[in-house]
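**Student:**
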Amino acid sequence: WQTSCPPAVPVALNEPGGIKFGHFADMIQGDRKYPHDSARASLEVVGAGTMLFDQIWLGSYMSGGVGFTQYATAAYTDNILDEYTYYGMDYIKQKYKVDWQNPNEKDKVKPTQEIVNDMCTEVCLNAMEQYEQFPTLMEDHFGGSQRAGVMAAACGLTASIATGYSNAGLNSWYLCMLMHKEGWSRLGFFGYDLQDQCGSANSL
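Numbering (my numbering), first residue to last: 1 to 204.
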């Protein structure tokens, strides 16, 4: 059974209980609404997931304050994540001939570490260059965890869509975190680097 992080029962009057991941996946209609845009369909899931699980459950209930709220909104406001993701889509179409607008099994790329390295490096470095080139972009995503999450999400989506393999996307996510730290020394405030790097050994 798929379960969600929050409690499955309401904890106060008029408060919703937890939503199972399987149910939540069925609620997001991105695949149905955008059948010829894998990136947009995936971004819909990212936006909804960060809103419910990061912003409401983790941010409001567990952590409190502005930190996780701002961390989550970075994923679904201002089209910044969209820009980075579509850059990745253009890259996989140009270099690997993956037609992400007409998904099919025949043009998927074999999920090797070398392929993931290439895709992630391209998308991650592009994102870092954009942050450095446009000061207002850096101000919008004012926390390192925000930038880390947005860049890694774009890298993860690019590798996942190109290969059709979610673990390749996960590996791309964590590789982006390592590249981010190498380029800018750290990912977030104090010890927040931990969760952004802890999965590298478990993916692909």
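Here a beta-carbon is modelled for each residue, glycine too, at the ideal position from N, C-alpha and C.
Let me check understanding here. Comparing Cα to Cα, which of T50, G49, L81 and G22 lies closest to A39?
**Tutor:** Closest by alpha carbon: L81.
**Student:** Under three-state DSSP, which class holds Q29?
**Tutor:** DSSP places Q29 in coil when its eight states are reduced to three.
**Student:** Considering just the uninterrupted stretch of the alpha helix (DSSP H) at Y100, what are its terminal residues?
**Tutor:** According to the sequence shown, residue 100 is Trp rather than Tyr. First-last for W100: undefined, no H or E at that position.
**Student:** So which of D37, W184, S185 and L178 has the shortest CA-CA distance to Q197?
**Tutor:** Taking only the C-alpha atoms, the option nearest Q197 is L178.
**Student:** Less than 8 Å between the C-beta atoms of T112 and L43, yes or no?
**Tutor:** Result no, Cβ atoms of T112 and L43 do not sit closer than 8 Å.
**Student:** Starting from the C-beta of Q101, find all residues in its chain whose C-beta is less than 7 Å away, skip the five residues before and the five after it, and write them out in chain order.
**Tutor:** The residues are H36 and D37.
**Student:** Between the C-alpha atoms of Y174 and K106, what's the straight-line distance to the nearest angstrom?
**Tutor:** If I take the Cα positions, the gap works out to 27 Å.
**Student:** Applying the criterion that 16 or more other CB atoms from any shown protein chain within 10 Å of the CB defines a buried residue, is F142 buried or exposed?
**Tutor:** When all chains shown are included, F142 counts as exposed.
**Student:** With 16 as the cutoff for other CB atoms within 10 Å, does Q146 come out buried or exposed?
**Tutor:** Q146 is buried by the Cβ-count criterion.
**Student:** Can you tell me the Cβ-Cβ gap for A159 and M119, rounded? I've got them flagged as a contact below 8 Å.
**Tutor:** Rounded, the Cβ-Cβ distance is 5 Å, consistent with contact.
**Student:** Provide the residue span of the alpha helix (DSSP H) that contains H180, from first to last.
**Tutor:** Where H180 is concerned, the enclosing alpha helix (DSSP H) stretches over S166 to W184.
**Student:** Can you look up N79 in the DSSP assignment and give me helix, strand or coil?
**Tutor:** N79: coil per DSSP, three-state reduction.
**Student:** Measure the C-alpha to C-alpha separation of L157 and D90 and round it to an integer number of angstroms.
**Tutor:** Computed Cα separation, rounded: 13 Å.
**Student:** Count the other C-beta atoms from every protein chain shown that fall within 10 angstroms of the C-beta of A201, then say buried if there are 16 or more, exposed otherwise.
**Tutor:** Classification for A201: exposed.
**Student:** Where does S4 fall in DSSP's three states?
**Tutor:** Any reading at S4 must be qualified, since the residue scores a pLDDT of 49, below 50, and its modelled position is unreliable; the value itself is stated next. Of the three classes helix, strand and coil, the one that applies to S4 here is coil, per DSSP.
**Student:** Who are the Cβ neighbours of M151 in its own chain at under 8 Å, not counting the five residues just before and after it?
**Tutor:** Around M151: Y84, V123, C124, A127, M128, C176 and H180.
**Student:** What does a CB cutoff of less than 8 Å around Y131 pick up in its chain, not counting 5 residues either side in sequence?
**Tutor:** Excluding sequence neighbours, Y131 sits near L137, M138, H141 and R147.
**Student:** Using the Cβ count rule (16 or more neighbours within 10 Å means buried), how would you classify T163?
**Tutor:** Flag for T163 reads buried.
**Student:** Starting from the C-beta of A168, find all residues in its chain whose C-beta is less than 7 Å away, skip the five residues before and the five after it, and write them out in chain order.
**Tutor:** Excluding residues within five positions, the ones whose Cβ falls inside 7 Å are P111, V116, A159, S160 and L204.
**Student:** Can you give me the start and stop residues for the alpha helix (DSSP H) that C155 sits inside?
**Tutor:** Taken as a continuous stretch (DSSP letters only), the alpha helix (DSSP H) holding C155 covers G144 to T163.
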